[in-house]
Amino acid sequence: MSGFRETLKKWVPPVIWRPLSDARYGLQRLSQYPSAYFHSWRQESISRLAGMKDQHRGERCFIIGNGPSLRVTDI
């Protein structure tokens, strides 16, 4: 990461930095969305997930999370 970005991250609060960073990332990936969204494996995955919907409705479950994305998630 550049020195400028590191300095900026030190001075700008995460509540401002994070949305700007996410928006920048989204704009960079924008050109990849159509090919990924309409790819055959994605349509197959959507169909499989639809078949699993409400399969365990009313049952108790435990969600176990792990990974760096959880540090910005209030759980």
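Residue numbers (the numbering used here): 12 to 86. Think of the CB as a built atom: it goes at the ideal place given N, C-alpha and C, for glycine as much as any other residue. Values in this document were obtained by computation on a predicted structure and should not be read as measured data.
Membership of Pro-45 in the alpha helix (DSSP H) is indicated by the continuous run 44-48.
Membership of Gln-39 in the alpha helix (DSSP H) is indicated by the continuous run 25-40. Straight across, the Cα-Cα distance linking Tyr-48 with Gly-37 is about 14 Å. The three-state reading of DSSP puts Gln-66 in coil, since its state is none of H, G, I, E or B. Straight-line spacing of the CA atoms in Val-83 and Gln-54 works out to 30 Å.
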